[in-house]
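**Student:** If you read the sequence shown in numbering that gives the first Met the number 0, its first letter stands for residue 0, the second for the next number, and so on.
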Amino acid sequence: MLGTIVNVIAIVAGSLLGGLFRKMMDDKLSASLIRVMGLAAFGLGINAVVQNMPKSTYPILFIVSLAVGCLIGELLQLNERLTSFATRNKDNNSLGQGIVTGCLIFCVGTLSILGPVQSALYNDHTYLFTNASLDFVTAMVLSTTYGVGMALAGVVLLLWQGSIYLLTLWLGNFITGTMMVEISIVGGFLIAMSGLSIMKAADFEALNCLPALLVPILWCMFAG
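1) Answer with buried or exposed for Q117, where buried requires no fewer than 16 other C-beta atoms within 10 angstroms of its C-beta.
2) The alpha helix (DSSP H) spanning T56 covers which residue range?
3) Can you list, in chain order, the residues of its chain with a C-beta nearer than 8 angstroms to that of D202? Leave out the 5 residues immediately preceding and following it.
4) Here's a check: name, in chain order, each residue in its chain whose Cβ is nearer than 7 angstroms to the Cβ of A119, leaving out the five neighbours to either side.
5) Under the three-state reduction of DSSP, which class applies to N51: helix, strand or coil?
6) Please determine if the stretch 17-36 and the stretch 176-187 are in contact, where contact requires at least 3 C-beta pairs separated by less than 8 angstroms.
7) Straight-line CA distance for P215 to M24?
8) Work out the CA separation of L189 and E73 for me, nearest whole Å.
9) Around the Cβ of T125, are there at least 16 other Cβ atoms within 10 angstroms (buried) or fewer (exposed)?
10) Near G13, which residues of its chain fall below 6 angstroms by C-beta distance, leaving aside the five closest residues on each side in sequence?
11) Going by beta carbon distance, what residues of the same chain come within less than 6 angstroms of I71, once the five residues before and after it are set aside?
12) Pair every Cβ in the stretch 97-114 with every Cβ in the stretch 53-72, then say whether three or more of these pairs are closer than 8 angstroms.
13) Please report the distance separating the alpha-carbon of W218 from that of Y57.
14) Give the single residue among F173, M149, S193 whose Cα lies nearest to the Cα of R21.
15) In whole angstroms, what is the alpha-carbon distance linking I230 and P115?
16) State the Cα-Cα distance for the pair L15 and V147, rounded to the nearest angstrom.
17) Where L206 and P53 are concerned, what is the direct C-alpha to C-alpha distance, given to the nearest angstrom?
18) From the DSSP output, in three-state form, read off Q76 for me.
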């Protein structure tokens with residue numbers, strides 16, 4: 000799991016560095032950055048949906064995934080728990096939204112999903128090292144807006160990539176092209192949802208829908 004560990008360290012380091020820059024900003028600049036980050040997240044999400052929707056083998060799977068994921072998230076009160084934790088941070092009460100957005104951007108991507116597979120099967124960490132460099136920059140930018148608390152997204156990444164790594168050791172290469180497409184569609188909607196919430200254009204609780212990412216994985220594994 001060397002590649003995953005390096006990836007997590009990159010996120011933590013980027014968050015710490017961005018947090019230092021954040022202390023130099025005034026409230027107006029910080030608010031402007033939050034809106035820009037929301038717009039960027041929305042654009043990334045829509046792009047993922049548009050690119051992958053035509054390739055989908057199960058056109059309504061994303062609807063089922065979002066519904067089931069939302070139900071599980073509501074039952075577990077994921078958003079309430081993170082919000083309660085994040086609001087203890089006096090520097091930035093929107094930290095919870097930032098962490099959710101960061102987790103989605105870090106976890107939903109070809110490099111982040113296929114990287115642990117390559118690492119487990121071939122001891123090849125190239126994908127994850129490349130992903131680490133990208134995540135370092137992303138974490139730095141996000142933490143200039145939300146603070147060093149963005150480093151917590153590294154814990155989620157560790158659990159996500161660690162799970163894929165262990166499943167690959169157990170099941171072999173279970174990640175199929177179809178699964179990647181379906182995960183990308185669901186992830187795209189979640190990222191767009193998070194972006195709208197950050198811009199305050201809609202009142203979505205994206206964290207409560209996070210379990211939706213597991214639905215296409217389980218469906219494709221059993222359907223295949």
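Glycine residues also receive a C-beta, built at the ideal position from the N, C-alpha and C atoms.
**Tutor:** On the basis of the data shown:
1) buried
2) That residue, T56, is in no alpha helix (DSSP H); it is neither H nor E in DSSP.
3) S196
4) Y164, T167, L168
5) helix
6) no
7) 41 angstroms
8) 15 angstroms
9) exposed
10) F135, A138, M139
11) P210
12) no
13) 10 angstroms
14) M149
15) Lying outside 0 to 223, the shown extent of the chain, residue 230 is not represented and no answer is given.
16) 5 angstroms
17) 26 angstroms
18) coil
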